[in-house]
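In what follows, a single structure is set out as structure tokens and then discussed.
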Amino acid sequence: RLLLKTFAAIAALPPPVLQQMRKLLKNYPSVERDVLEMLAQEQKKVRVSGGWKNAIGEKQHFARSLYYQDKEEARSLPEHLAADYFAETGKFQDFPHYEYRPQQQEMAAEIITAFNNEQHLMLEAGTGTGKSAAYLVPALLWIKQNGGPLVVSTHTKNLQDQLIEKDIPAVLKLFPQDQFQIMILKGRQNYVCLRRFEALVQQMLLSQSKEIVKTLPLFSWLVSTEQGDLSELHSSIGRKYHYQICSEGLSCLGEACPDHARCFLQHARRQTKYADLIIGNHALVLTDLAGGGALLPKYRQIILDEAHTLEETTTDSWSKEITYSACAEEIKKLEQSSRQPALISAAEKFRAGIRQYFDELSRLGREQRASGEEKNLRIRELQQREALWRALELIRLDATKQLKKMRQLAEEYLEQAGGDTDTLPVKSSLAVLQELWQILDMVALGADNYVCWLVWQNGKP
1 RLLLKTFAAI AALPPPVLQQ MRKLLKNYPS VERDVLEMLA QEQKKVRVSG GWKNAIGEKQ
61 HFARSLYYQD KEEARSLPEH LAADYFAETG KFQDFPHYEY RPQQQEMAAE IITAFNNEQH
121 LMLEAGTGTG KSAAYLVPAL LWIKQNGGPL VVSTHTKNLQ DQLIEKDIPA VLKLFPQDQF
181 QIMILKGRQN YVCLRRFEAL VQQMLLSQSK EIVKTLPLFS WLVSTEQGDL SELHSSIGRK
241 YHYQICSEGL SCLGEACPDH ARCFLQHARR QTKYADLIIG NHALVLTDLA GGGALLPKYR
301 QIILDEAHTL EETTTDSWSK EITYSACAEE IKKLEQSSRQ PALISAAEKF RAGIRQYFDE
361 LSRLGREQRA SGEEKNLRIR ELQQREALWR ALELIRLDAT KQLKKMRQLA EEYLEQAGGD
421 TDTLPVKSSL AVLQELWQIL DMVALGADNY VCWLVWQNGK P
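If you count the sequence shown from 1, position 95 lands on 95 in the UniProt record's numbering, and the numbers rise without skipping.
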């Protein structure tokens with residue numbers, strides 16, 4: 001029965017997708033290939049136009065909100081309005097298993113007051129208080145009166161999902177005549193990148209990896225998903241491929257990407273300007289602040305749930321790091337993508353320079369552990385060890401020369417290749433390496449407004 005269901009699911013896929021899957025399995029004998037060959041015989045009369053990505057399904061589209069308002073000045077709400085929903089005779093009493101909680105009533109009233117007076121408000125409530133409902137009701141009432149967008153930010157994806165799947169649908173039952181446009185916006189790495197997915201598949205083809213069979217469910221998912229949210233994938237597939245196919249800031253080509261129009265992340269961000277209520281997370285909000293508001297539309301109210309995690313999230317979001325493994329991974333991608341002897345040779349020399357630099361830091365880490373010192377070391381302390389610092393600087397400067405040579409050869413290769421999409425991985429890896437090396441330059445040359453330090457994990461910096 002399971003085999004029949006699998007066969008039916010494959011047969012239901014659009015012809016361009018089936019053709020792509022069949023092409024990938026051409027040299028890999030398997031049950032899946034036999035099924036695809038059988039379906040190909042049946043579809044010989046079907047005309048196929050365009051690539052498989054043209055079969056990606058329609059995404060959700062918002063129109064301008066019913067509550068949109070173009071004026072700056074907000075109209076105040078009666079302070080009792082939200083609190084009345086939670087009263088002993090309020091609208092929540094119709095909910096099964098609802099218990100009256102005076103703390104909810106007090107929270108709702110305080111939030112309306114803060115909105116009216118444009119004040120900051122910090123609230124703390126124990127588990128079981130029903131905090132989500134206590135801020136969602138005032139938020140929706142405010143949107144009805146003054147329009148959006150209003151942002152609710154959480155620390156964890158679990159709470160984001162709980163709000164979208166459980167809490168918000170429950171509260172919306174109190175507003176049956178309203179049509180709020182509500183969307184969830186997650187961090188970049190939660191969305192699939194079509195270009196990185198294709199690069200993974202091409203890499204498997206080049207290395208003749210039998211793992212390519214395991215990518216077939218991803219094709220099926222890509223043409224059916226509306227959000228491109230990797231959490232939708234089966235846990236085993238998600239764990240295996242998530243970080244190989246998720247969107248990455250450093251390697252993102254933006255509008256230069258051939259898949260920009262189909263990009264799930266870009267679509268989600270475009271839709272936020274039509275949303276009344278945006279469910280985001282702290283990392284996203286902080287990234288938006290650092291970028292001058294490039295990710296989220298202009299908002300006047302924000303509710304920060306799990307606010308006690310803000311300090312930790314701010315440190316994580318506004319930090320930069322460079323590791324040997326990150327550099328080595330991008331060099332490997334560049335070598336596999338270009339297949340140009342001169343460029344590969346230059347990349348190897350750059351890799352050797354990076355390895356030498358981090359080997360010196362590893363040696364220092366061993367000395368630190370042997371002397372019982374802490375595993376973290378401020379860069380200022382490292383600079384005080386003049387002999388070691390001079391040695392590191394000589395290695396860094398030599399590696400910088402190798403990077404410039406590699407970049408020059410890569411740019412020549414890209415120019416000769418023209419607009420060939422096969423060169424995109426080279427362009428992407430080059431951009432990532434340049435960004436990573438700028439972090440090291442920033443550390444070495446002194447970065448204003450930054451605190452720089454070394455961390456050793458398992459003896460590696």
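C-beta: ideal position from N, C-alpha, C; glycine also. These numbers come from a predicted model, not from an experiment.
Please list, in chain order, all residues of the same chain as Met-389 whose beta carbon is under 8 angstroms from its beta carbon, the five residues on each side excluded.
-> Within the sequence shown, residue 389 is the residue found at index 389, counting from 1. According to the sequence as given, residue 389 is Trp; it is not Met. Taken in chain order, the residues that qualify are Leu-382 and Gln-383.
Going by the beta-carbon positions, is the gap between Leu-123 and Leu-81 smaller than 8 angstroms?
-> On the sequence shown, residue 123 is found 123 positions in, with the first residue counted as 1. On the sequence shown, residue 81 is found 81 positions in, with the first residue counted as 1. No, these two residues do not count as a Cβ contact at 8 angstroms.
If you check the beta carbons only, do Leu-159 and Glu-306 fall under 8 angstroms apart?
-> Residue mapping note: residue 159 aligns to position 159 of the sequence shown, counting from 1. Residue mapping note: residue 306 aligns to position 306 of the sequence shown, counting from 1. Result yes, Cβ atoms of Leu-159 and Glu-306 sit closer than 8 angstroms.
Trp-456 (DSSP reduced to helix, strand or coil) | Working through the sequence shown from its first residue, we reach residue 456 at position 456. Note: Trp-456 maps to coil in three-state DSSP.
Helix, strand or coil for Thr-89 per DSSP?
-> In the sequence shown, residue 89 corresponds to position 89, counting from 1. Reduced to three states, the DSSP call for Thr-89 is coil.
Hey, Lys-332 and Gln-402: beta-carbon distance below 8 angstroms or not?
-> Taking the sequence shown and counting its residues from 1, the one referred to as residue 332 is at position 332. Taking the sequence shown and counting its residues from 1, the one referred to as residue 402 is at position 402. Inclusion of Lys-332 and Gln-402 in the CB contact set at 8 angstroms is not warranted, their separation being larger than that value.
Unbroken stretches of the beta strand (DSSP E), 3 residues or longer, contained in the region 319-345 = Segments of the beta strand (DSSP E) lying fully in the region 319-345: there are none.
Are there three or more Cβ pairs, one per stretch, closer than 8 angstroms when the region 395-413 is compared with the region 288-298?
-> No contact exists between the region 395-413 and the region 288-298.
Could you say which of Cys-452, Gly-147, Phe-115 and Pro-341 lies nearest to Leu-66 if we only look at CA atoms?
-> The residue labelled residue 66 in the question sits at position 66 within the sequence shown. With distances taken between Cα atoms, Leu-66 lies closest to Gly-147.
Beta strand (DSSP E) segments (min. 3 residues) lying fully within the region 422-457 | Segments of the beta strand (DSSP E) lying fully in the region 422-457: 453-455.
Taking 8 angstroms as the CB-CB cut-off, is Lys-59 touching chain D?
-> In the structure shown, chain D cannot be found, because there is only a single protein chain.
Entirely enclosed alpha helix (DSSP H) segments - the region 126-193, minimum 4 residues | 131-146, 157-162 and 168-172, all fully within the region 126-193.
Residues near Glu-360 by beta carbon distance below 8 angstroms, same chain, minus five either side = Along the sequence shown, one-based indexing puts residue 360 at 360. Same-chain partners within the cutoff: Leu-388, Ala-391, Leu-392 and Ile-395.
Go to Ile-278, then tell me how far its beta strand (DSSP E) extends in each direction, as first and last residue.
-> As a first step, residue 278 is located in the sequence shown; it is residue number 278 there, counting from the start. In the DSSP assignment, Ile-278 falls within the beta strand (DSSP E) that extends over 277-281.
So, Ser-113 versus Glu-79, is the Cβ gap smaller than 8 angstroms?
-> On the sequence shown, position 113 is the one that residue 113 refers to. On the sequence shown, position 79 is the one that residue 79 refers to. It is Thr, not Ser, that sits at residue 113 in the sequence shown. Yes, Cβ-Cβ distance for Thr-113 and Glu-79 is below 8 angstroms.
Same chain, Cβ closer than 8 angstroms to Trp-453, five either side skipped, listed in chain order = Within the sequence shown, residue 453 is the residue found at index 453, counting from 1. Only residues of its own chain outside the window of five on either side were considered, and among them Asn-376, Leu-377, Arg-378 and Ile-379 have a CB closer than 8 angstroms to the CB of Trp-453, listed in chain order.
Pick from Val-201, Ala-347, Gln-208 and Gly-130: whose alpha carbon is nearest that of residue 463?
-> What the structure shows of the chain is the stretch from 1 to 461, and residue 463 is not part of that stretch, so it cannot be assessed.
Give the straight-line distance between the Cα atoms of Arg-339 and Arg-196, rounded to the nearest whole angstrom.
-> Within the sequence shown, residue 339 is the residue found at index 339, counting from 1. Within the sequence shown, residue 196 is the residue found at index 196, counting from 1. Approximately 18 angstroms between the Cα atoms of the pair.
So which of Asn-54, Leu-18, Ala-199 and Ile-322 has the shortest CA-CA distance to Arg-355?
-> Position 355 of the sequence shown holds residue 355. With respect to the C-alpha of Arg-355, the residue from Asn-54, Leu-18, Ala-199 and Ile-322 having the closest C-alpha is Ile-322.
Could you give the residue range of the beta strand (DSSP E) that holds Ile-302?
-> For the purposes of this step, residue 302 is identified with residue 302 of the sequence shown, where counting begins at 1. Note, Ile-302: beta strand (DSSP E), 301-304.
Which one of Leu-253, Lys-210 and Tyr-299 has the shortest CA to CA distance from Glu-118?
-> By one-based count along the sequence shown, residue 118 stands at place 118. Checking every option, the nearest Cα to that of Glu-118 belongs to Tyr-299.
Taking Lys-131 as the reference, give the member of Val-171, Ala-256 and Phe-180 with the closest Cα.
-> Residue mapping note: residue 131 aligns to position 131 of the sequence shown, counting from 1. The shortest C-alpha separation from Lys-131 is found at Val-171.
Could you name the residues of the same chain whose beta carbon sits closer than 6 angstroms to that of Trp-52, not counting the 5 residues immediately before and after it, in chain order?
-> Sequence index remark: in the sequence shown, residue 52 carries index 52 (1-based). Counting only Cβ-Cβ distances below 6 angstroms, and skipping sequence neighbours, we find Pro-16, Val-17 and Gln-20.
Assigned secondary structure, Arg-101 (DSSP; H/G/I helix, E/B strand, else coil) = Here residue 101 is taken as the residue at index 101 of the sequence shown, counted from 1. Correct three-state label for Arg-101: coil.
Would you list the one or two residues that DSSP bridges to Arg-378?
-> To locate residue 378, count along the sequence shown from 1; it is residue 378. According to DSSP, Arg-378 bridges with Trp-453.
Opening and closing residue of the alpha helix (DSSP H) in which Met-406 lies | Your numbering for residue 406 matches position 406 in the sequence shown. Segment 386-417, the alpha helix (DSSP H) holding Met-406.
If you count every other CB in all the chains shown that lies within 10 Å of the CB of Asp-167, and 16 or more means buried, which is it?
-> Translated into positions along the sequence shown, residue 167 becomes position 167. It counts as buried.
Proximity winner among Ser-153, Ile-182 and His-234, relative to Lys-144 (alpha-carbon distances) | Position 144 of the sequence shown holds residue 144. If we check each option's Cα against that of Lys-144, Ile-182 comes out closest.
Report the option in Thr-313, Arg-239 and Leu-430 whose CA atom is closest to the CA atom of Asn-281.
-> Here residue 281 corresponds to residue number 281 of the sequence shown, with the count starting at 1. The option with the nearest alpha carbon to Asn-281 is Thr-313.
For Ser-429, which option in Asp-448, Ala-417 and Arg-407 has the closest C-alpha, if you only look at C-alpha atoms?
-> Here residue 429 is taken as the residue at index 429 of the sequence shown, counted from 1. Ranking Asp-448, Ala-417 and Arg-407 by Cα distance to Ser-429 puts Arg-407 first.
Does the separation of the CB atoms of Arg-262 and Ile-56 fall below 8 angstroms?
-> Counted from its first residue, the sequence shown places residue 262 at position 262. Counted from its first residue, the sequence shown places residue 56 at position 56. Contact check for Arg-262 against Ile-56 passes: the beta carbons are separated by less than 8 angstroms.
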